[in-house]
Structure formats: structure tokens, C-alpha cells
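Below is one structure, written out as C-alpha cells; the observations come after it.
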Amino acid sequence: MTFNRRNFIRSAALLATLPLSELDAFAAKGRLSRHAPPVADDDETYWRNVRQMFPISKSLAYLNNGTMGPSPYPVIEAVHAGMVLADRDCNYGGWEATSAKIAGLVGASPGEIALTHNVTEGVNIMCWGLPLRKGDEVIMTTHEHVGGAFPWLNRQKLHGIVLKAFTPAATAAETLNRIASLITKKTKVIAIPHIPCTQGQILPLQQICQLAREKGIYTLIDGAHGPGMLPLDLHELDCDAYASCCHKWMLGPKGTGFLYVREGFLSALQPYFVGAGGDDGKWNMAATPIEMGAYAPDAHRYYSGTQAASLFKGVDAAVDFIETIGIDNIHNRIKALGNYTYNELMAFGDKVEVITPAEPQSRCAIIGFRVKGVDSNKFYTYCLENSVRIRYVAENGLQSLRVSTHIYNNKQEVDKLMELISDMT
Ligand SMILES: Cc1ncc(COP(=O)(O)O)c(C=O)c1O
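Under the numbering used here, read the sequence shown as residues 3 to 427, first letter to last.
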């Protein structure tokens with residue numbers, strides 16, 4: 003992690019209105035860097051120091067990382083420094099290295115990573131890029147986010163493709179069976195989330211992709227909740243494309259994302275929005291006949307024109323931050339917090355319905371539940387009034403609640419939520 007005291011103090015001055023003193027945060031960084039991996043998931047001193055790297059209000063129990071991941075100071079500082087640098091030297095560019103940075107984190111090659119603004123943009127590129135015809139079938143879940151569902155619903159409306167949805171089951175094996183039973187000769191795509199936003203269930207992606215590959219079906223994954231939460235190797239998972247963002251589990255600037263397109267899939271996925279960077283430099287409007295040249299040889303064909311250089315500097319810093327702590331340490335810590343949340347909710351017995359599957363491989367940092375006899379939206383508001391932020395899940399008629407915890411959280415914050423549930427039961 004590039005972290006320099008002078009820069010940090012400048013950023014701390016900029017952030018003077020926030021409740022963290024610059025000395026606290028700087029000291030936290032000092033203690034943080036003394037810890038070499040591995041770190042125990044219950045080393046509370048270490049994780050308290052990590053928390054000090056974030057400007058999150060101390061009075062707020064923020065248990066909603068699944069919607070938005072707050073950035074730590076080094077990311078905020080990198081965005082600021084990136085803007086100053088660009089405006090001082092007046093150079094164009096600055097985002098070229100970010101694809102390689104992201105690729106290193108998710109087990110891809112740099113040429114397989116297109117920069118985007120968010121998951122939704124990546125899903126649209128995947129969805130529109132395939133030459134689907136009327137009657138072609140796409141398998142999805144009944145647990146989609148609007149950003150995962152709406153592009154496909156739009157293609158259904160405009161092109162007559164057929165969407166078929168399954169409900170993720172209580173076990174990975176049964177989920178796989180449900181997908182297999184929906185496959186017909188017309189199935190062209192499996193377009194599912196890696197981890198649905200609703201209840202945080204980790205779907206058995208590798209097995210699903212293997213099944214799809216055997217049947218000649220494309221796998222286009224909504225990966226909003228993988229990178230930064232789990233150690234990932236996209237080559238090993240073997241999906242065709244994976245749309246994600248840097249502003250949730252990667253703790254990067256808001257409005258940054260990426261789309262992974264497997265190298266062998268580039269020629270099958272048609273780019274539509276093209277321009278500078280998306281070309282191979284051979285187009286010539288003055289030639290006779292006019293020449294187009296070709297698309298960029300890599301995933302750069304899916305994003306063109308000027309990018310938000312300073313935000314992507316923040317993404318670089320977010321990857322550095324994750325790698326400084328270690329993705330395995332991060333995963334272990336947030337899995338431990340997820341387990342704690344799960345067990346505490348289960349301890350309410352039949353007063354609370356936990357809807358995330360019990361099997362350990364199918365869950366991590368996101369847990370879904372309902373409080374029996376209590377309107378979920380009303381309970382969500384009650385939590386907000388008490389400075390606990392979770393998420394109300396209205397999607398697809400689920401009417402449930404969701405807790406999502408990251409490395410800046412601790413058990414005491416989860417306990418606060420449990421106290422609020424106790425008030426209701
Ligand atoms: C599963 C899933 N897909 C897509 C999205 C949309 O993400 P974005 O706002 O980055 O487009 C979200 C956001 O919460 C999500 O949880």
C-alpha cells in the first residue's frame with residue numbers, strides 16, 4: 003500500500019469534519035502494517051485498528067456493506083491525489099494499470115478486464131452482446147437484483163427471449179439439480195448471481211459453469227458480491243463473463259466496476275458502445291473505401307473514451323488495501339462475523355426465520371432473515387431510528403431483511419441488532 007504521512011495528513015485535514023482524528027488513523031495504520039498475515043479472525047485489536055482506517059461514524063452500526071462498501075482513508079486519499087496529479091500535469095489517462103490490478107485480485111488476465119461504472123453496466127454488456135433469437139432460453143433465479151434482472155427482462159420484451167427462473171435451494175447440490183432440470187435444447191445462457199443480494203447464498207458456481215460448458219451453454223454471472231469478500235479465481239470458476247463492481251466488497255470509490263470476459267469468449271460477445279481505446283487504431287475515415295480496422299484485441303473493446311482516472315486510482319488503492327490485509331484474512335474475518343450473525347439469529351428459535359442456508363459452504367458475510375409476526379419494512383425503519391443500518395429486501399416479493407458485515411464491523415455491532423430484535427419478540 004502506498005501510504006505517505008504528508009499526503010495522509012492533508013487528506014485528514016480535508017476530512018476534518020469526520021469523527022476520526024488524523025492521529026488515531028495514522029497510528030492505526032502504523033499498527034496495521036506491523037501485522038504480517040495470517041491474522042486470527044478474532045484478533046480484536048487488529049480488527050479495531052482496521053476499523054480506524056474508515057471514516058464511518060462511530061455512532062452507526064453499519065451492517066449493509068452489500069449495498070455500499072465504505073472506503074478506507076487510503077482509497078479516499080488516492081482519489082484526491084489522483085485528481086491533483088491529473089490537474090497539475092494536465093496529462094490524459096491514468097486508468098491503464100487498473101485492469102491488471104483487478105485481474106490480480108480475481109484470477110484473470112489483464113486483457114480480460116474491462117473497466118465499467120457498476121455491475122449493471124457489465125450485465126448490460128453481457129446481456130446485449132450475445133446474438134440471441136426469439137425463443138432462446140435463459141436460466142435465471144427468482145432472487146435477482148433489479149440490475150441483474152432488468153436488462154434480461156428488456157431483451158425478453160424487445161427480442162422475445164424466454165426467461166426461466168429457479169429458486170436457490172437449501173443445499174448447493176439441490177440448487178444444481180434445479181438448474182439442470184430447467185435445461186432444454188433451447189437453453190443458451192445461464193445468467194445468475196454468484197451470490198444473490200437477497201439472502202447472501204453462495205451458489206456453486208464452479209459446478210454450474212462446468213454443467214453449462216458440457217451442454218454448450220454460456221454462463222454470464224452477476225458478480226456484485228464476490229470480489230473482496232471471497233478469494234476468487236475466475237479462470238478456475240470458468241464462467242464466460244462476470245460483471246462486478248469495486249464499490250461493495252472491494253471498498254473502492256462509488257461508481258467503479260469491471261467486467262471480466264474470458265479470453266476465448268471475446269469473439270462471441272459483440273461490443274456495441276465503441277470508441278477510443280475500443281479500436282485497434284486502424285480506422286480511417288479518409289481512406290477509400292473507408293476503413294474500420296478492428297476491435298481492440300482484448301476486453302478494452304467493451305469500454306471506450308475518457309475514464310474517471312482518479313476514481314480508478316482509488317480502485318488501485320482499494321486492491322492494495324485488500325492485499326495489505328490479505329484476502330484470506332479478510333474472508334476469514336467476515337465469514338466469522340457472518341457465522342456469529344447466523345448463530346445469534348438462530349438462537350431466537352422460532353421467533354426468527356433465518357432464510358440463508360445452513361450449510362457452511364453456501365454462506366459467508368450476508369445473512370437474510372425475517373422476524374416472525376413483524377413487518378420487515380417497519381423493523382428496518384426501527385433499526386435505522388436506532389442507528390443500525392441493515393437492508394429491507396422487497397425484491398421478488400421476499401419481504402425480508404438482510405445483514406451484511408465487512409472487516410470494519412465487530413460483534414458488538416451485531417449484538418446491537420440482536421437487542422433490537424429482542425425488543426420486538
Ligand atoms: C446481486 C446484485 N446485482 C446487481 C447489483 C447492482 O449493482 P450496481 O449498483 O453496481 O450496478 C447489486 C447491487 O446491490 C446486487 O446486489
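Glycine included, C-beta positions come from ideal geometry on N, C-alpha and C.
- For Val52, the enclosing alpha helix (DSSP H) stretches over residues 46–53.
- In the DSSP assignment, Ala226 falls outside any alpha helix (DSSP H), carrying neither H nor E.
- Shown here for Ser312: same chain residues with a beta carbon closer than 6 Å to its own, the five before and five after excluded, namely Val81, Gly84, Met85 in chain order.
- For Gln212 and Arg264, the gap between their C-alpha atoms comes out near 14 Å.
- Annotation for Leu236: the continuous alpha helix (DSSP H) segment containing it runs 236–239.
- For Tyr384, there is no enclosing beta strand (DSSP E); the residue is found in the alpha helix (DSSP H) stretching over 378–387.
- With 16 or more other CB atoms across the displayed protein chains lying within 10 angstroms of its CB, Ala226 is buried.
- In the DSSP annotation of this structure, the continuous segment of the alpha helix (DSSP H) that includes Ile324 starts and ends at 311–327.
- Its chain contains Val373, Leu403, Met426 as the residues whose beta carbon lies nearer than 7 Å to that of Phe381, once the 5 sequence neighbours on both sides are disregarded; these appear in chain order.
- Around the CB of His161, fewer than 16 other CB atoms lie within 10 Å, so the residue is classed as exposed.
- One residue after another in chain order, those with a Cβ under 5 Å from a heavy atom of ligand 1 are Asn120, Val121, Thr122, His147, Gly149, Gly150, Pro195, Cys199, Asp224, Ala226, Cys247.
- For the segment 119–174, the continuous alpha helix (DSSP H) assignments of 4+ residues that do not extend past its boundaries occur at 121–131, 148–161, in sequence order.
- At the C-beta level, Val121 and Ala245 come within 8 Å of one another.
- Comparing alpha-carbon positions, the option among Leu253, Lys353, Phe371, Lys337 lying closest to Ala319 turns out to be Leu253.
- The residues Val356, in chain order, have a CB closer than 7 Å to that of Met348 in the same chain once the five nearest residues on each side in sequence are set aside.
- Put simply, of Asn398, Ile409, Tyr384 the residue whose alpha carbon is nearest the alpha carbon of Leu422 is Tyr384.
- Taking a 10 Å sphere around the C-beta of Cys92, we find fewer than 16 other C-beta atoms and assign the residue as exposed.
- Under the DSSP assignment, Gly106 falls in the alpha helix (DSSP H) whose first and last residues are 100–108.
- For Ser183, the secondary structure class from DSSP, reduced to helix, strand or coil, is helix.
- With a 10 Å radius around the Cβ and a threshold of 16 neighbouring Cβ atoms, Met287 comes out exposed.
- According to the DSSP secondary-structure assignment, Ser246 is paired through a beta bridge with Phe260.
- DSSP, reduced to helix, strand and coil, places Glu293 within a strand of the structure shown.
- Contact between His333 and Leu232 holds, with the beta-carbon distance rounding to 6 Å and staying under 8 Å.
- The secondary-structure analysis by DSSP pairs Val416 with nothing; it has no beta-bridge partner.
- Counting only residues of its own chain and dropping the five nearest sequence neighbours on each side, Gly109 has a CB closer than 7 Å to the CB of Leu234, Asp235, Leu236, His237, Glu238.
- Counting along the chain, no beta strand (DSSP E) covers Lys188, and no H or E run does either.
- Taking the Cα positions, Ile392 is about 33 Å away from Trp130.
- According to DSSP, residue pairing for Asn286 in a beta bridge involves Glu293.
- Relative to Leu207, the option among Lys103, Thr177, Cys248, Gln201 whose CA is nearest is Thr177.
- With fewer than 16 other beta carbons inside 10 angstroms of its own, Val148 counts as exposed.
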